[in-house]
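Residue numbers (our numbering): 854 to 1275.
What follows is the structure, given as structure tokens:
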């Protein structure tokens, strides 16, 4: 019997010839990532409870400050200090205190197709955009990996998502994943692997695929994967400035088995919005058009890449943000910020009246940059919209694409991007 993508990756990392759903395997890990959300506990476990004097492999551990950067409370500043001291003590060179969001940094600098990476964040499965199995874990499991370089996994069932057709103007990959979550519900993919395939993938860039794999977490997915094509390898080579070896075995066998197949016709897809207070409360943007927004946010690990920022820049060029709306822009990494600055996009945003923040989780995390007051409404490219995600529990959060967000910022109300703007 053939294997799908996650089964192949898990089997190889377990030293097995094959793997099947339900099996419990011990797997070797290629990279282990922690961030400021978990490092206080990681440090306590490693140094005080386990009393270790060395970690598994300092070159394979990556520590990123991204949730509260720059530190906005004394407690956050303390965690940053603990994290830096931990990195220095154990010889961990990959310490990023202000370079951006952990998932983007993994993509830009570390992970490769066919690898297995664990991270102290549920969106670690974003790595699937390049054919890397990313697994989100809590502090205790991450500490165990830091100590041993291994972890246990239960091989998940896989849901196959077939993307056919092509996106019309004004429709983006964010709309694809919101539509998928509406189909599955917010818990419909619990502990499943999601494998994206179909003719439409050929027209989706690596950043596009990142958005798809990233938000599969919002339906409960354990991991999400797309087999890399030449476009993915070219993208990685442009980032790393070196040739990337092709992984010849990284494809799903023709006789691979799936627990469910979901067919999506992109030809009929229109712009989507997830309404309060659940990511699966999804409707066409046209159904809520005209809703006043107090704040608009472009950023997060879901949609803070250069391509997302470029879309908004094209919309805002020579125009002004609505006077009753705040527009916050937060690039996902320092590299993206620099490129946007070099291409004139930062100036475009500033001239339009937007606020450009330092790379971080920003408003999506609900700390430091752009939190909401009671009664306020946010339209955002972030991944989650439950009560209190970005400030007050009495605020309202709508999720949409970079295109929808940018056009709405100009009009001060939720706007179908196909209508463009006045």
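Ideal Cβ positions, reconstructed from N, Cα and C, are used throughout, including at glycine.
- Following the DSSP letters along the chain, one finds residue 1119 in no alpha helix (DSSP H), marked with neither H nor E.
- Linking residue 1052 to residue 1022 through their CA atoms gives a straight-line distance of about 18 Å.
- Rounded to whole angstroms, the gap between the alpha carbons of residue 920 and residue 1116 is 35 Å.
- Exclusion of the five residues before and after residue 1113 leaves 1012 as the residues of its chain whose Cβ lies within less than 6 Å of its Cβ.
- Partner residues in the beta bridge of residue 1181, as assigned by DSSP, are 1150, 1208.
- A contact between stretches requires three or more CB pairs, one per stretch, nearer than 8 Å, and the segment 984-1001 fails this requirement with the segment 1018-1032.
- Annotation for residue 1166: the continuous alpha helix (DSSP H) segment containing it runs 1159-1169.
- Secondary structure in the segment 941-990: the alpha helix (DSSP H) runs of 4 residues or longer, each lying completely within the stretch, are 955-962 in chain order.
- Residues 907, 908, 911 of the same chain have their beta carbon placed closer than 7 Å to that of residue 943, with the five preceding and five following residues left out of the count.
- Between the alpha carbons of residue 1126 and residue 1263 lies a gap of roughly 17 Å.
- For residue 866, the enclosing alpha helix (DSSP H) stretches over residues 858-867.
- Judged by their CB atoms, residue 1124 and residue 1271 are nearer to each other than the 8 Å cut-off.
- Comparing alpha-carbon positions, the option among 895, 890, 964, 951 lying closest to residue 929 turns out to be 890.
- The beta carbons of residue 947 and residue 915 sit closer together than 8 Å.
- Under DSSP, the beta-bridge partners assigned to residue 1136 are 1126.
- A direct Cα-Cα distance of roughly 24 Å separates residue 938 from residue 1218.
- Here the C-alpha atom of residue 895 lies approximately 21 Å from the C-alpha atom of residue 880.
- A straight-line Cα-Cα distance of about 21 Å links residue 925 and residue 956.
- In the DSSP annotation of this structure, the continuous segment of the alpha helix (DSSP H) that includes residue 1090 starts and ends at 1083-1093.
- Per DSSP, residue 1027 is one residue of the alpha helix (DSSP H) stretching across 1026-1037.
- Residue 897: not part of any beta strand (DSSP E); DSSP gives it neither H nor E.
- Selection 1046, 951, 1069, 977 evaluated against residue 1039 yields 1069 as nearest (Cα-Cα).
- Between residue 1141 and residue 1182, the C-beta gap is not smaller than 8 Å, which leaves the two residues out of contact.
- Separation of residue 1156 and residue 966 (C-alpha to C-alpha, rounded to the nearest whole angstrom) is 21 Å.
- The beta carbon of residue 1042 lies closer than 7 Å to those of 1012, 1069, 1072, 1073, 1074 in the same chain, with the five residues before and after it left out.
- Beta-bridge partners assigned by DSSP to residue 1233: 1150, 1252.
- Apart from sequence neighbours up to five positions away, the residues of its chain that approach residue 933 with a beta-carbon distance below 7 Å are 889, 918, 924, 950, ordered along the chain.
- In the structure shown, residue 1072 falls within a helical segment according to DSSP collapsed to helix, strand and coil.
- For residue 945, the closest C-alpha among the options 1007, 884, 953, 1109 is that of 884.
- In the displayed model, residue 888 falls within a strand according to three-state DSSP.
- Taking C-beta atoms as the reference points, residue 1198 and residue 1163 count as a pair closer than 8 Å.
- Burial state of residue 964 is buried, judged by a 10 Å Cβ sphere holding 16 or more other Cβ atoms.
- Secondary structure at residue 1141: helix, using DSSP grouped into helix, strand and coil.
- In the DSSP secondary-structure assignment, residue 1048 is bridged to 1013, 1078.
- A Cβ-Cβ separation of about 29 Å leaves residue 1186 out of contact with residue 900 under the 8 Å criterion.
- Bounds of the beta strand (DSSP E) holding residue 1007 are 1003-1007.
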